[in-house]
Structure formats: structure tokens, C-alpha cells
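Q: I'd like to ask some things about the structure below.
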Ligand SMILES: [Zn+2]
């Protein structure tokens, strides 16, 4: 069987045929070149408008990289014709295997993009002996195709989240669809200002916004403002994950401060290495950690009291009725305000202020569990962290869409991996 026969099985192009196949002598990596020819009497199509047009001239031979096999690089060779298009002028013809000026065939780009969902971009580049740039452009192509072809109908619930990225106080705003049957990243914005989230609503459009029934978010003021303004009709829920993050941060702050105070006063460093003890849920502690926590509770430390307040707050989420949840919240806030622990008081003040939005959690019957937003949040952080080379916002945005957007891919006759 000839290589041409295989190619005709897996990758056939209408109006084009495969010609000679050559082994390239002296290449640093084993390489095969495959000639492509236009079918006799076929007329070229304009690459801009797609219409068949009279030929104009022929350009020099170009190489397009195809999917490698058996550690052999495969290139298509083709001398593109130019067309004389009455609408677009003199243009290069449309070639079904490559878009624009790309040197990678589309099949190869989809192949690389597919692997880039499973491995880091760097790993893909190494595995297929190609460059990081080629992987990047492949993913970029896959994302822009996927975003242009994704179905945005029937979205009822969205979650708004922010993640920190790079060093310092740089944030991204992420909007997810969190419906029971479809969960995916819908949109990424380069900051977390009111203007950022307004950008989402502009992209999403008024009609789709009208169809939203639930929006989950953090207590972040610019988000609250924009959601009230743009989607006041939807039930706005402050989600559990974000609230618990605020409480954990408060505990962290109290602990750091208290550790320093104890040290300055020359007491035993009882709080060193307790960070995870205080941040973990009790059911996730090892028996050793449990013993240490029991020891710690004997000291009347602010860190421990904060920890106990946080654990008590977990009960809040187990309520069914918004009324009784509200009663619990009020009691908890009063108790916390009396604790004289400033970081915890700060959280209590915010919770009080947003009491109605908090209770919306129960009106939505807890169906948007914190797990969804939390899961996405973790994956998003992992995606941006894993990425060496995501120095630019553009690359981070593309990586996030690629990893979390559940974007569609075109149907092909042959699946290459
Ligand atoms: Zn044209």
C-alpha cells in the first residue's frame, strides 16, 4: 500500500489530488514530502469570498506541515494559484487544508490543540517536535473556531468569579454557565472592575440576559452593582464558596497577627504550622491533626475563636427555610461582632449588609452548590499556573477558554487521535 492510499483514506480534499511522495534526504528529523496538485480543469476559489474565479498566476511552492507519523515529519507541497476576483481583486486561492497564511495544516493544528487540552503547551511542543508558538497558534485557532460556533441558547444560570493571576493584585473576571445540564466557562475579562463585567453583558447581549434566572457571585461591590443594574430580574445569589473563602482569609489574617504577637511577647510558638489545621474542614483532618487541634482549643486564642466561629457558620448552609437561615445569620453576626476580632467582624459586617442576597441562596433551594464555582475556580487557577509562557493576558485568556470552555470542534471524517 502506498502512503497516497492512506492519505486518500484519512484526508481527502475535493478538487485536489496527491502527487509524488518523497523522502527528504539530509533533514535533521526524518521527513517526508507529499505533493498536492489541483485537479485538472478545476477552477480555483477566491480565499476571501469563496467563489470560483478565473486563475491569474501561480505562486512558488509552499510547505504545509501535516500530522507526523512514526516519528516522521510530513509536509504537503503545493504551489498556490492566484485568482482574479471581480469582488476582491487578485487573491491567493482557497486551500482546504490551511487557513490564511498558516504553515500548519488545519488537521495538524486541531491535532496539537487536542493534545494541548491534556498536556501543557510546552509538553505538546516537545512531544511532537514543534515549537511553543505553533502549539499556541493551534490552540488560538481552535478557540476562535469554537467560540464562533458555540451554542449560547438556553442559559439560565451563571456564576461570576475572579481569580488572581501573575504577581501582585492582578485579577481576571470569569463568567461560567452553571446550569445542571451544562457547565462551562463563557467569558473572560482582564480585570475585576465594574467596566469588566459590563463587558460580559455587552458580549452576552440583552436578549440572553433577559433569560437568566440565577446569578451567583461574590460580595465584590463592582459585581453587585453591575448585576443589579443589568440583570435585576434574576435571582442574585451570594455563593457559598466565596463566602467561605472570605472567612478563611480572615482566619489567616488573625493567625498571622497573633503568631507574631506571641513571638514578640516571648510565648511558646503554639500557632506555628497550624495554618492548615485552621483552614481545613474538621472531617478532613488526620488523627494527628485532630489531636493538635484539641490541644489548641484549650488556649483562648483569637485564631481558635475565629476558627470556631467559621465552623459554626457552616451550619448556616444546612438550613432549608430562608426565614430560619436569616435568624441564624443574625445571631452569628451579633456574636461575631462581640468577639472583638477585627478581621472576623469585617466579614460579619459585610454579611449583614448583604443579608437579602445571602438568603437568596435558600430561595434557589441550594441547587447551585458551591462545588461548581469552586471546581471551576480551582481548574482556572491550575490552568493559569501551569502555563509557563502565559505572560500575556491574551495567552491566559486563550488557555482558559481552551481548558474550561467546553468548546465544540468540527466534525471530521477521520479522527487523528
Ligand atoms: Zn473574492
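Numbering (this note's numbering), first residue to last: 286 to 702. Backbone N, C-alpha and C fix where the C-beta goes; we use that ideal spot for every residue, glycine too. It should be emphasised that the depicted structure is a prediction, and the values quoted were computed from it without experimental measurement.
Does the distance from the C-beta atom of residue 357 to that of residue 445 stay below 8 Å?
A: The count along the chain shown starts at 1 and reaches residue 357 at position 72. The count along the chain shown starts at 1 and reaches residue 445 at position 160. Not in contact: residue 357 and residue 445 (Cβ atoms no closer than 8 Å).
Q: Go through its chain and collect everything with a Cβ distance to residue 305's Cβ below 6 Å, but skip five positions before and after it.
A: Start at 1 with the first residue of the chain shown, and residue 305 comes out as number 20. Same-chain partners within the cutoff: 320.
Q: I think residue 432 touches residue 678, with their Cβ atoms under 8 Å apart; what is that distance to the nearest whole Å?
A: Within the chain shown, the letter at position 147 stands for residue 432. Within the chain shown, the letter at position 393 stands for residue 678. 16 Å between Cβ atoms; not a contact.
Q: Beta-carbon within less than 6 Å of residue 372's beta-carbon, same chain only, minus the 5 sequence neighbours each way: which residues are those?
A: Here residue 372 refers to the residue found at position 87 when the chain shown is read from its first residue. Excluding positions up to five away in sequence, the list reads 334.
Q: Check whether the segment 347-356 and the segment 381-401 touch, using three or more Cβ-Cβ pairs below 8 Å as the test.
A: yes
Q: Mapping DSSP to helix, strand and coil, what is residue 423?
A: Position 138 of the chain shown, counted from the start, is the residue given in the question as residue 423. Helix, per DSSP.
Q: Measure the alpha-carbon distance for residue 327 versus residue 452 and round it to whole angstroms.
A: Residue 327 sits at position 42 when you count from the first residue of the chain shown. Residue 452 sits at position 167 when you count from the first residue of the chain shown. For residue 327 and residue 452, the distance between alpha carbons rounds to 56 Å.
Q: So the candidates are 515, 289, 473; which of them puts its Cα closest to the Cα of residue 450?
A: As a working mapping, residue 450 is identified with position 165 in the chain shown. With distances taken between Cα atoms, residue 450 lies closest to 473.
Q: With which residues is residue 316 paired in a DSSP beta bridge?
A: Working through the chain shown from its first residue, we reach residue 316 at position 31. BP columns for residue 316 point to 358.
Q: Give the secondary structure of residue 468 by DSSP, where H, G and I count as helix, E and B as strand, and everything else as coil.
A: Here residue 468 refers to the residue found at position 183 when the chain shown is read from its first residue. If DSSP states are grouped into helix, strand and coil, residue 468 belongs with the strands.
Q: Can you list the alpha helix (DSSP H) stretches of 4 or more residues lying completely in the segment 381-409, in chain order?
A: Here the runs fully enclosed are 391-401.
Q: Going by the CB atoms, is the gap between residue 400 and residue 407 shorter than 8 Å?
A: The residue you call residue 407 lines up with position 122 of the chain shown. The residue you call residue 400 lines up with position 115 of the chain shown. It is not a contact, given that the beta carbons lie outside the stated cut-off.
Q: Could you check how far apart the C-beta atoms of residue 498 and residue 465 are, in whole angstroms? I think they sit under 8 Å.
A: On the chain shown, residue 498 is found 213 positions in, with the first residue counted as 1. On the chain shown, residue 465 is found 180 positions in, with the first residue counted as 1. In fact, because the Cβ distance is near 12 Å, the residues do not count as touching under 8 Å.
Q: Could you tell me the distance, in whole angstroms, from the CA atom of residue 587 to the CA atom of residue 531?
A: Translated into the one-based positions of the chain shown, residue 587 becomes position 302. Translated into the one-based positions of the chain shown, residue 531 becomes position 246. Going from the Cα of residue 587 to the Cα of residue 531 covers about 17 Å.
Q: Between residue 376 and ligand 1, is the CB less than 7 Å from at least one heavy atom?
A: Here residue 376 refers to the residue found at position 91 of the chain shown. Yes; taking the cut-off as 7 Å, the Cβ of residue 376 has a heavy atom of ligand 1 nearer than that.
Q: How many angstroms separate the CA atom of residue 692 from the CA atom of residue 656?
A: Taking the chain shown and counting its residues from 1, one reaches residue 692 at position 407. Taking the chain shown and counting its residues from 1, one reaches residue 656 at position 371. Near 22 Å, if we compare the C-alpha coordinates of residue 656 and residue 692.
Q: For the pair the segment 635-653 and the segment 604-621, tell me if three or more CB-CB distances fall below 8 Å.
A: Contact between the segment 635-653 and the segment 604-621 is established, with three or more Cβ pairs separated by less than 8 Å.
Q: Can the beta-carbon of residue 508 be found closer than 8 Å to that of residue 661?
A: The residue you call residue 508 lines up with position 223 of the chain shown. The residue you call residue 661 lines up with position 376 of the chain shown. At least 8 Å separates the beta-carbon of residue 508 from that of residue 661.
Q: Report the rounded CA-to-CA distance for residue 607 versus residue 614, giving the unit in angstroms.
A: In the chain shown, residue 607 corresponds to position 322, counting from 1. In the chain shown, residue 614 corresponds to position 329, counting from 1. If I take the Cα positions, the gap works out to 10 Å.
Q: Pairs of beta-carbons, one from the segment 622-629 and one from the segment 596-603, closer than 8 Å: are there three or more?
A: These segments do not touch.
Q: Taking only the alpha-carbon atoms, compute the straight-line gap between residue 528 and residue 504 and give it to the nearest angstrom.
A: Against the chain shown, residue 528 aligns to sequence position 243. Against the chain shown, residue 504 aligns to sequence position 219. Using only the alpha carbons, I get a separation of about 8 Å.
Q: What are the boundary residues of the beta strand (DSSP E) that includes residue 521?
A: Residue numbering aside, residue 521 sits at position 236 when the chain shown is read from its first letter. Looking at the DSSP string, the run of the beta strand (DSSP E) that includes residue 521 is 520-523.
Q: Pick helix, strand or coil for residue 530, following the three-state DSSP scheme.
A: Position 245 of the chain shown, counting from 1, holds the residue named residue 530. Residue state for residue 530 is assigned as helix, using DSSP reduced to three classes.
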